[in-house]
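Asker:
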Amino acid sequence: MAHLHYSKALEDLTRAMQDKLAVRQDTTLASAILLAFYEGLVSDDVEMSGFKKHISGATAIVKLRGPQQTQSGVGLKDLAWWARQAVCDTVGHQALVLNLQTTLIRAEADSLLKGARTTDKIDKALKLLQRARKMDDELGVWFNKCPPAWRKVVSGSAANVPEDKIGLVSAFPGPIYDYPNVWAAGKHINTHVSRLLLNQVIVRCIAWVCAPSDHTLTKEYIDAHRIGTEQVMDIISSTPYFFGWTGDAMSTPYFPCGTSEMPKGLAGVSCMWPLLATGSSRFATRTQRVYVKARLAKIAEEMGIRQADVFSKNRRNQT
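Put into structure tokens, the structure is as follows:
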């Protein structure tokens, strides 16, 4: 039934995109974003081509609208939300901005560190390394300055298990984190991912600049590897919270479907991408990758998010 509604919505969106007036409307932009979100939940395409097409379409609509973006009530609210968050939720907004800046640094690294090594590119790689390190420091400050209402706490510790049983346990051996609510948990885990990605950029820059020498002997590499390893453990230690989250009593007292004891899909969406980044990281051990692979499969099984199953099946278990 959901697929039938999706197909009908896709037809309507296609027609709207071809209409010079309809393509500029708020409903068309909202539809493109919602269909992208749907693709992210149910698609079994490894390349996520449907998701990417919808996001590209939404981006094109925003560019096409130009200054008209703020001439409608909905468009104005979009920008008002951003400004309001900067004032009402300074902690969360700061994390959002830093995480967005991290994606730009990562994209720049992907573009720079390919092709032939030239003197000019080596200089740019060194500058990029410094920017990544500075951004990582800022993210570290964000964690240290989190107010009590945002801080995670260690709720317990998971015992060691045999390596061949690691995919069956809900918590990886080590500390287990608890959070005040799923919003704070999502900000924490995504900010850990940003630090993970930044230190991967740092390692890539070091390796690229030092080649063919052994970059693993440098202090910069040792520091980045330590921080990256810590982020992997922090993300994994946060995972049990998402799998046990059934709604925050104060903000989400009930759900329109399912029982109050069932883990909610929002939790799966919140930790699915961080788990993918962790399982793909050079800093994760083989055992940690096995655990991540099993958790992604669990998201697909219990929360019905098919993309998590795709991620799980394509996760490599080797170090």
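Positions 929 to 1247 (our numbering) are the ones given, in order, by the sequence shown. The beta-carbon is built from N, C-alpha and C at its ideal position, and this holds for glycine as well.
1. Just to confirm before moving on: does the CB-CB distance between GLN1023 and LYS1115 stay below 8 Å?
2. What distance in whole Å lies between the Cβ atoms of GLY1172 and SER1209, which are believed to be in contact at a cut-off of 8 Å?
3. Please work out which residues of its chain come closer than 8 Å, Cβ to Cβ, to LEU1032, disregarding the five sequence neighbours upstream and downstream, and give them in chain order.
4. Determine the direct distance from the alpha carbon of ARG993 to that of LEU1040, and round the result to whole angstroms.
5. Use the C-beta contact count for SER1240: other C-beta atoms within 10 angstroms, 16 or more gives buried, fewer gives exposed.
6. For HIS931, count neighbouring C-beta atoms within 10 Å of its own C-beta (all shown protein chains included) and say buried if the count is 16 or more, exposed if not.
7. Measuring CA to CA, which of TRP1136, VAL1129 and LYS1062 is closest to THR1046?
8. Where PHE1183 and ALA1053 are concerned, what is the direct C-alpha to C-alpha distance, given to the nearest angstrom?
9. Could you work out which residue in GLY1232, LYS1221 and PRO1103 is closest to ASN1242 when comparing CA atoms only?
10. At what residues does the alpha helix (DSSP H) containing TYR1219 begin and finish?
11. Do three or more CB pairs link the region 1061 to 1070 to the region 1121 to 1130 at distances below 8 Å?
12. Which same chain residues end up closer than 6 Å to VAL1097 when comparing Cβ atoms and leaving out the 5 residues on each side of it in sequence?
13. Three or more C-beta pairs closer than 8 Å, one from the region 981 to 991 and one from the region 952 to 972: is that the case here?
14. Evaluate contact between the region 1097 to 1112 and the region 1065 to 1081, counting only Cβ atoms and requiring at least three cross-stretch pairs below 8 Å.
15. Measure the alpha-carbon distance for GLN1128 versus LEU1026 and round it to whole angstroms.
16. Assign ILE1130 to buried or exposed, taking buried as 16 or more other Cβ atoms, counted over all protein chains shown, within 10 Å of its Cβ.
17. Check whether the region 1137 to 1151 touches the region 1193 to 1210, taking contact to mean three or more Cβ pairs, one atom from each stretch, closer than 8 Å.
18. Work out the CA separation of LEU1204 and THR1146 for me, nearest whole Å.
19. Measure the C-alpha to C-alpha separation of ASP940 and ILE1117 and round it to an integer number of angstroms.
20. Could you tell me the distance, in whole angstroms, from the CA atom of SER1166 to the CA atom of THR956?
21. Could you give the DSSP three-state label for GLY985: helix, strand or coil?
Answerer: If we stick to the structure as given:
1. Working through the sequence shown from its first residue, we reach residue 1023 at position 95. Working through the sequence shown from its first residue, we reach residue 1115 at position 187. Checking the sequence shown, residue 1023 turns out to be Ala, not Gln. It is a contact, given that the beta carbons lie within the stated cut-off.
2. Here residue 1209 refers to the residue found at position 281 when the sequence shown is read from its first residue. Here residue 1172 refers to the residue found at position 244 when the sequence shown is read from its first residue. The C-beta distance from SER1209 to GLY1172 rounds to 24 Å, too long to meet the 8 Å contact threshold.
3. Numbered from its first residue, the sequence shown carries residue 1032 at position 104. Excluding sequence positions up to five before and after LEU1032, its CB lies less than 8 Å from no other CB in the same chain.
4. Residue numbering aside, residue 1040 sits at position 112 when the sequence shown is read from its first letter. Residue numbering aside, residue 993 sits at position 65 when the sequence shown is read from its first letter. Straight-line Cα distance between these residues: approximately 32 Å.
5. Walking along the sequence shown from the start, residue 1240 turns up at place 312. Buried.
6. Against the sequence shown, residue 931 aligns to sequence position 3. Around the CB of HIS931, fewer than 16 other CB atoms lie within 10 Å, so the residue is classed as exposed.
7. As a first step, residue 1046 is located in the sequence shown; it is residue number 118 there, counting from the start. Of the candidates TRP1136, VAL1129 and LYS1062, the one whose C-alpha sits nearest the C-alpha of THR1046 is TRP1136.
8. Taking the first residue of the sequence shown as 1, we reach residue 1183 at position 255. Taking the first residue of the sequence shown as 1, we reach residue 1053 at position 125. Since pLDDT at PHE1183 reaches only 46, below the 50 mark, its modelled position is unreliable, and no value is offered.
9. On the sequence shown, position 314 is the one that residue 1242 refers to. Ranking GLY1232, LYS1221 and PRO1103 by Cα distance to ASN1242 puts LYS1221 first.
10. In the sequence shown, counting from the first residue as 1, residue 1219 sits at position 291. For TYR1219, the uninterrupted alpha helix (DSSP H) segment begins and ends at 1214 to 1231.
11. Using a C-beta cut-off of 8 Å, the region 1061 to 1070 makes contact with the region 1121 to 1130, since at least three inter-stretch Cβ pairs fall below that distance.
12. Here residue 1097 is taken as the residue at index 169 of the sequence shown, counted from 1. Setting aside the 5 residues that flank it on each side, VAL1097 is surrounded in the same chain by VAL1089, each with a C-beta closer than 6 Å to its C-beta; the list follows chain order.
13. These segments touch.
14. Taking a contact to require three or more Cβ pairs closer than 8 Å, the region 1097 to 1112 and the region 1065 to 1081 qualify as touching.
15. Looking up residue 1128 in the sequence shown gives position 200. Looking up residue 1026 in the sequence shown gives position 98. Each residue's Cα considered, the two are about 16 Å apart.
16. Stepping through the sequence shown from its first residue, residue 1130 is reached at position 202. Label assigned to ILE1130: buried.
17. Using a C-beta cut-off of 8 Å, the region 1137 to 1151 makes no contact with the region 1193 to 1210, since fewer than three inter-stretch Cβ pairs fall below that distance.
18. What you label residue 1146 is simply residue 218 of the sequence shown in a count that begins at 1. What you label residue 1204 is simply residue 276 of the sequence shown in a count that begins at 1. Cα to Cα, THR1146 sits roughly 28 Å from LEU1204.
19. Numbered from 1 along the sequence shown, position 12 holds the residue referred to as residue 940. Numbered from 1 along the sequence shown, position 189 holds the residue referred to as residue 1117. Whole-angstrom Cα-Cα distance: 37 Å.
20. In the sequence shown, counting from the first residue as 1, residue 1166 sits at position 238. In the sequence shown, counting from the first residue as 1, residue 956 sits at position 28. Rounded to the nearest whole angstrom, the C-alpha separation of SER1166 and THR956 is 37 Å.
21. As a position in the sequence shown, residue 985 is number 57, starting the count at 1. DSSP, read as helix, strand or coil, puts GLY985 in helix.
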